[in-house]
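**Q** The structure is given below, and queries will be raised subsequently.
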Amino acid sequence: MTGFINSLPLYKDKLDENYAAILAPFATKVPKENSRIHTEVYRGGENRTDFQRDRDRIIHSKAFRRLMYKTQVFVNHEGDHFRTRLTHTLEVAQLARGICKSLALNEELAEAISLGHDLGHTPFGHAVERFLGDELTKREMGNFLHNEQSVRIVDLLEKRCEDYDGLNLTYEVREGILKHNKDKCEIYSSLNPNKVCSTLEGQVVSLVDTIAYICHDLQDAIKSGLIENSYYKNNEFKDHIDELRESIAKFMNIETDRIEINRYSETFFIGDLIHRLIMDVTECSVTNLKEEKVSSCEDVKKKANNDIVLITFKKETKKFFDQIKKSIYKYVYGLNTIQAMDVKAVNLVKDLLYGFENNPKLLPPDWYFRYKNIEKEITYDGAPANELRVICDYIATMTDRFALDEHDKLYNPRIKI
Numbered sequence: 001m002t003g004f005i006n007s008l009p010l011y012k013d014k015l016d017e018n019y020a021a022i023l024a025p026f027a028t029k030v031p032k033e034n035s036r037i038h039t040e041v042y043r044g045g046e047n048r049t050d051f052q053r054d055r056d057r058i059i060h061s062k063a064f065r066r067l068m069y070k071t072q073v074f075v076n077h078e079g080d081h082f083r084t085r086l087t088h089t090l091e092v093a094q095l096a097r098g099i100c101k102s103l104a105l106n107e108e109l110a111e112a113i114s115l116g117h118d119l120g121h122t123p124f125g126h127a128v129e130r131f132l133g134d135e136l137t138k139r140e141m142g143n144f145l146h147n148e149q150s151v152r153i154v155d156l157l158e159k160r161c162e163d164y165d166g167l168n169l170t171y172e173v174r175e176g177i178l179k180h181n182k183d184k185c186e187i188y189s190s191l192n193p194n195k196v197c198s199t200l201e202g203q204v205v206s207l208v209d210t211i212a213y214i215c216h217d218l219q220d221a222i223k224s225g226l227i228e229n230s231y232y233k234n235n236e237f238k239d240h241i242d243e244l245r246e247s248i249a250k251f252m253n254i255e256t257d258r259i260e261i262n263r264y265s266e267t268f269f270i271g272d273l274i275h276r277l278i279m280d281v282t283e284c285s286v287t288n289l290k291e292e293k294v295s296s297c298e299d300v301k302k303k304a305n306n307d308i309v310l311i312t313f314k315k316e317t318k319k320f321f322d323q324i325k326k327s328i329y330k331y332v333y334g335l336n337t338i339q340a341m342d343v344k345a346v347n348l349v350k351d352l353l354y355g356f357e358n359n360p361k362l363l364p365p366d367w368y369f370r371y372k373n374i375e376k377e378i379t380y381d382g383a384p385a386n387e388l389r390v391i392c393d394y395i396a397t398m399t400d401r402f403a404l405d406e407h408d409k410l411y412n413p414r415i416k417i
């Protein structure tokens, strides 16, 4: 025992050495050389690995704290138990770490990617993201995709020191954030945006993100009562939900009656469904690694360059999951109440966007400075800066609550400024 105590505390070099001993040969043990955009000098006695430092920088960022008040599907004030972007983010991190532990991959890298993957989300969810993207696209000023915006936040909009903008994260974390979904990117060429993620940890996050939001959004929709209300009022909707229930029950090998859609049900089947999906991914990924003869990180990168994904569902499970995903997109996200909220959110953000465009002095001083000094704006890899992008950046930082307050300030004469 004394000998062990004398080996403490463990500092970065020893931590890296320990990881090299316990992780799989195809795991990402340390960042590649010159992985950070800006060179950093390590302080004496650094007790964290590079990926742990990235994780901590994300956790301490303002953008991460704002996720608490950003909509997942149901607006924050609709209920205390509905998921927000923050709770979804934490759930993704937990699921990703579990798979990485089973596959002897780097949990800290997966956690950092998970915690940063949704930083770029707009208030009120995907409807506002699509609106901002449409506004930029129709004026030929680029696009707005939340995965790209997440990288923009950690590269530019956050600030951790006086020397440079951004959090100066490693390449591996930034790449994983950019590639956590399948949106086709047109920027960040240095991250090889339209290729498969070059780390297994990034591929894990990409898949569990989808598992988490599909399963948990279904659970929230059940607990909200929206599915139950429509189920008894619309026969076509009832038939489709019954098909969904039967499909889930068959996959889980249980009776259909156990897939309850009553708002007061405990929805325990969701946890069991996620467990089965996670175990399927874990087992199938081991098979993939064997069949593709992957024995190193370089092998993973070569496969990625050839568009071969190694972290996947089994064939039949993918077919099942694609089916329920399609059903949830159509019959859950398509529910009248959710659609109505999307319309209201877009109208509100449209007012903000056009209001700031017509009178940029309404922007806060720091954002107005960016707007007026656009030539100094450090932007995406080579993409030209423009004033509309600055306004979109500002709107994207807003929480649901702040956007509502900002709209009142601009358009409600009774509100004090």
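Using UniProt numbering, the first residue of the sequence shown is number 1, and each one after it goes up by one.
Even glycine gets a Cβ: it sits at the ideal position worked out from N, Cα and C.
For clarity, every value in this text was computed on a predicted model and none was experimentally measured.
(1) Chain B beta carbons: is any one of them nearer than 9 Å to that of N143?
(2) Using the C-alpha atoms, what's the distance from N235 back to E260?
(3) Identify the continuous alpha helix (DSSP H) that holds H60 and give its terminal residues.
(4) Along the alpha helix (DSSP H) that carries N147, what are the first and last residues, could you check?
(5) Exposed or buried, what is K29 when buried is set at 16 or more other beta-carbons lying within 10 Å of its beta-carbon?
(6) Quick one: which unbroken alpha helix (DSSP H) runs of 4-plus residues sit fully inside the segment 242 to 328? Chain order, please.
(7) If you draw a straight line from the C-alpha of C215 to the C-alpha of A93, how long is it?
(8) Can you name the residues that DSSP bridges to T71?
(9) Quick one: Cα of H121 to Cα of F251, how far?
(10) Classify I311 as buried or exposed, calling it buried when 16 or more other Cβ atoms lie within 10 Å of its own Cβ.
(11) Taking 7 Å as the limit between beta carbons, can you name the residues of its chain near P25, skipping five residues before and five after?
(12) Any idea what DSSP makes of G166, helix, strand or coil?
(13) Thinking C-alpha only, which one of C197, S190 and L167 is nearest G176?
(14) Tell me whether K159 sits in a helix, a strand or coil according to DSSP, three-state version.
(15) Buried or exposed for Y371, please, with buried defined as at least 16 other CB atoms from any protein chain shown within 10 angstroms of its CB.
(16) Within 10 Å of its beta-carbon, does N147 have 16 or more other beta-carbons around it, so buried, or fewer, so exposed?
(17) Cβ atoms of V281 and V205: under 9 Å apart, would you say?
(18) Please state the DSSP three-state secondary structure of A104.
(19) Measure how close the beta-carbons of K195 and N305 come, nearest whole angstrom, since I'm counting them as under 8 Å.
(20) Tell me which residue opens and which closes the alpha helix (DSSP H) that K372 is part of.
(21) Comparing C-alpha positions only, which one of Y188, Q219 and K319 sits nearest to I270?
(22) For the candidate residues E135, D351 and E46, whose alpha-carbon lies nearest to that of L8?
(23) Out of V349, D16, F369 and T267, point me to the one whose CA is closest to D217's CA.
(24) Give me the Cα-Cα distance between L95 and K416, rounded to the nearest whole angstrom.
(25) State whether the segment 229 to 247 contacts the segment 111 to 131, with contact taken as three or more CB pairs (one from each stretch) at a distance under 8 Å.
(26) Specify, as a first and last residue, the run of the alpha helix (DSSP H) that I177 falls within.
(27) Straight-line CA distance for T317 to L277?
(28) Report the option in S265, I254, E255 and S247 whose CA atom is closest to the CA atom of E228.
(29) Answer yes or no: do F51 and L109 have a C-beta to C-beta separation smaller than 9 Å?
(30) For D134, which of V346, T397 and A385 has the nearest alpha-carbon?
(31) Can you list, in chain order, the residues of its chain whose CB lies under 8 Å from that of R48, leaving out five sequence neighbours each side?
(32) N288 to L352, Cα distance in whole Å?
(33) DSSP on D16, reduced to helix/strand/coil?
(34) Do you know whose CA, among I308, K361, E292 and E172, lies nearest V154's CA?
(35) On the DSSP letters alone, give me the boundaries of the alpha helix (DSSP H) that G202 sits inside.
(36) Does DSSP put S189 in a helix, a strand or coil?
**A** Working from what's here:
(1) Annotation note: the requested chain B is absent from the structure, which comprises a single protein chain.
(2) Distance between the alpha carbons of E260 and N235 is about 17 Å.
(3) Counting along the chain, H60 falls outside any alpha helix (DSSP H), and DSSP gives it neither H nor E.
(4) DSSP places N147 inside the alpha helix (DSSP H), whose first and last residues are H146 to R152.
(5) Per the 10 Å Cβ criterion, buried.
(6) The segment 242 to 328 contains these whole alpha helix (DSSP H) runs: 268 to 291 and 297 to 305.
(7) Cα to Cα, C215 sits roughly 15 Å from A93.
(8) In DSSP, T71 forms a bridge with T84.
(9) Rounded to whole angstroms, H121 to F251 spans 32 Å at the Cα level.
(10) Taking every protein chain shown into account, the CB of I311 has 16 or more other CB atoms within 10 angstroms, so this residue is buried.
(11) Contacts found: S295 and S296.
(12) In this structure, G166 counts as strand in the three-state DSSP scheme.
(13) The residue from C197, S190 and L167 with its alpha-carbon nearest to that of G176 is C197.
(14) K159 falls in the strand class under three-state DSSP.
(15) Result: buried.
(16) The Cβ neighbour count for N147, taken over all protein chains shown within 10 Å, is at least 16; the residue is labelled buried.
(17) One thing to note: V205 has its Cβ no nearer than 9 Å to the Cβ of V281.
(18) In the three-state scheme derived from DSSP, where H, G and I count as helix and E and B as strand, A104 is classed as coil.
(19) Between N305 and K195 the Cβ distance is about 6 Å, and since that is below 8 Å, they are a contact.
(20) That run of the alpha helix (DSSP H) goes P365 to K372.
(21) The candidate whose alpha carbon is nearest that of I270 is Q219.
(22) It is E46.
(23) Considering only alpha carbons, the answer is T267.
(24) Their Cα atoms are separated by approximately 45 Å.
(25) With a cut-off of 8 Å, the segment 111 to 131 and the segment 229 to 247 do not count as touching, because too few Cβ pairs lie within range.
(26) Y171 to L178 is the span of the alpha helix (DSSP H), which, as asked, contains I177.
(27) Straight-line measurement puts the Cα of L277 at about 8 Å from the Cα of T317.
(28) Of the candidates S265, I254, E255 and S247, the one whose C-alpha sits nearest the C-alpha of E228 is S265.
(29) Going by C-beta atoms, F51 is nearer than 9 Å to L109.
(30) Residue V346 holds the alpha-carbon nearest to the alpha-carbon of D134 among V346, T397 and A385.
(31) Counting only Cβ-Cβ distances below 8 Å, and skipping sequence neighbours, we find K12, L15 and D56.
(32) Between N288 and L352, the alpha-carbon positions lie close to 48 Å from each other.
(33) Here D16 sits in helix by DSSP.
(34) Per the Cα distances, E172.
(35) Note, G202: alpha helix (DSSP H), L200 to S224.
(36) S189: helix per DSSP, three-state reduction.
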